[in-house]
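Engineer: Numbering (full-length UniProt numbering), first residue to last: 1 to 183.
The structure under discussion is supplied below as structure tokens; questions concerning it will follow.
Listed below in structure tokens is the structure:
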């Protein structure tokens, strides 16, 4: 009775319960789960994205929620920890994909078999990636270029940097914007 677990796909205002307790609503999918799913599938070069990947990452995320937050009715870790959480969830996702036999990245398979989470975290599956966090920047830059090329981007900074062919500045700009949620 009088219990609810709630996670939203977008930011929501705090809720005041009938007993006067204020509960922070939780935004979950866009921040924590989806980036890790995409990164795991990309890095592992998955031939498919099985339902188990969603479950694995979601369950791992649930394990990371501090007990004190659960007691307050909140169901996600601190947003300030998103970088490290995303990396950890991505590693869990890669392990799931290897375990399901859908990972095509031989280095990922070897690192998972060896139990070498540290090398997975450092991006050893992709020599051009010094850290899993770097792949998100590259994917975002590619996405921006695609949107600008199709004429559907609204961001003036993006449009000007793409028009100038300045990938270095575009990458720097993307890095400055990533994982900095402000509400």
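We put the beta carbon where it would ideally sit given N, CA and C, even for glycine.
1) Where does residue 106 land, buried or exposed, given buried means 16+ other C-beta within 10 angstroms?
2) To the nearest whole angstrom, what separates the beta carbons of residue 14 and residue 23, a pair I think is in contact under 8 Å?
3) Taking only the alpha-carbon atoms, compute the straight-line gap between residue 194 and residue 165 and give it to the nearest angstrom.
4) When we look at the beta-carbon of residue 35 and count the other beta-carbons within 10 Å, is it buried (16 or more) or exposed?
5) Is residue 114 helix, strand or coil by DSSP?
6) Spatial neighbours of residue 10 within its chain, please: C-beta separation below 6 Å, excluding the five flanking residues on both sides.
7) Are there 16 or more other CB atoms within 10 angstroms of the CB of residue 92, so buried, or fewer, so exposed?
8) Apart from the five residues on each side of it in sequence, which residues of its chain come closer than 6 Å, Cβ to Cβ, to residue 26?
Structural biologist: Looking at the atomic coordinates:
1) Exposed.
2) Distance from residue 14 to residue 23 at the Cβ level is roughly 7 Å; contact confirmed, criterion being Cβ atoms closer than 8 Å.
3) Since the first and last residues shown for the chain are 1 and 183, residue 194 lies out of range.
4) Looking at its Cβ environment, which holds 16 or more other Cβ atoms inside 10 Å, residue 35 is buried.
5) The three-state reading of DSSP puts residue 114 in coil, since its state is none of H, G, I, E or B.
6) Taking C-beta separations shorter than 6 Å and ignoring five residues to either side along the sequence, residue 10 has no partners in its chain.
7) By the Cβ neighbour-count rule, residue 92 is buried, with 16 or more other Cβ atoms within 10 Å of its own.
8) Contacts found: 7, 74, 75, 76.
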